[in-house]
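Residue numbers (the working numbering), protein chains in the order written: chain A, 676 to 796; chain B, 676 to 796.
Don't be surprised by glycine CBs; every beta carbon is placed ideally from N, CA and C.
2 protein chains.
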Amino acid sequence: MSDNIKNFAGLEKQDVLPAGFLERVAERFKVLGEPARLRLVHCLMEGEKSVGTLVEESGLNQANTSRHLQGLVQAGLLGRRKDGNFVYYRILDPSVFELCDLVCRSLQARHREEAGVLRPE
Amino acid sequence: MSDNIKNFAGLEKQDVLPAGFLERVAERFKVLGEPARLRLVHCLMEGEKSVGTLVEESGLNQANTSRHLQGLVQAGLLGRRKDGNFVYYRILDPSVFELCDLVCRSLQARHREEAGVLRPE
DNA sequence: CTGCTAAATACTTATATAGTTGTTTAGCGC
DNA sequence: GCGCTAAACAACTATATAAGTATTTAGCAG
């Protein structure tokens, strides 16, 4: 509720954005802007899981699963743990929960507005 | 802090996600996952502005500005108002503020972790 | 009507990336 | 060593989209 919420975390309006700043923020959004990766994140909300498990639950094939998981790790959202023949992934950055939650609520609100007062479809 | 924050806004873990649900969430993230659009959003955090003003302030050319603004409108994030020869855009969905704020804080936290205690690069 | 300006659109090129398939690497048991 | 499995990687295709340029549309003033 402070007024810096109207800007980018703590930066005043008149501040020039640091070089590459928007690019890094965009990178975060971008990695979540893909249904496949979002699906993996959703699966991992139940806790740490192996790649094989994620393949089963997500419906993605093995190669896609692996690559998307890497993207999420690179973005700092997931953590990776190797145990013998298996590799386990988990959500590292708790902001993921809040980000998804925020978007969902916003979409629900918009949906309600569009539908007037009531109407599931 | 409720436990549905660990999922997608109000959905229980065992719930099957509605068809197209992840796609719509991803769409939201995707539209913010572009530095140019993020820059426009940042400009608009000061308030409603015309396309021309946004062209000046963002450094994007006129065509790109116009097209990116359209994407943001379609996603429901911006509102559009036409007045005579000018078109004014404004932020419609307040969740944008919180989303950007969240990502920024998360990036800052990560940056601090990576740097140990101190070290700009 | 003729200019003039603001914004949107059309068209092109270039790039990025998701998906598929097949192969390779790494770790286990024997 | 061999066989088996899990995960990562490579190579390719297809698609999406950002950027640039040029054009068109819309509204104003005269």
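Listed in chain order, the beta strand (DSSP E) elements of length 3 or more contained wholly in the stretch 702–769 of chain B are 753–758, 761–766. Closer than 7 angstroms at the C-beta level to chain A, one finds these residues of the stretch 700–719 of chain B: Val-700, Ala-701, Arg-703, Phe-704, Lys-705, Leu-707, Gly-708, Glu-709, Pro-710, Leu-713, Arg-714, His-717. Burial state of Glu-709/A is buried, judged by a 10 Å Cβ sphere holding 16 or more other Cβ atoms. Between Arg-703/B and Gly-746/B, the CB-CB gap reaches or exceeds 8 angstroms. For Leu-692/A, the C-beta contacts it makes with chain B under 9 angstroms involve Arg-714, His-717, in order along the chain. Within chain B, the residues whose beta carbon sits less than 8 angstroms from that of Ser-770/A are Leu-777, Val-778, Arg-780, Ser-781, listed in sequence order. Using a CB distance cut-off of 8 angstroms, Arg-787/A does not count as an interface residue toward chain B.
Linking Lys-724/B to Ala-784/B through their CA atoms gives a straight-line distance of about 32 angstroms.
Between Val-700/A and Leu-744/B, the gap from beta carbon to beta carbon reaches 8 angstroms or more. The C-beta separation of Leu-753/B from Arg-765/B comes to about 7 angstroms, placing the pair in contact by the 8 angstroms criterion.
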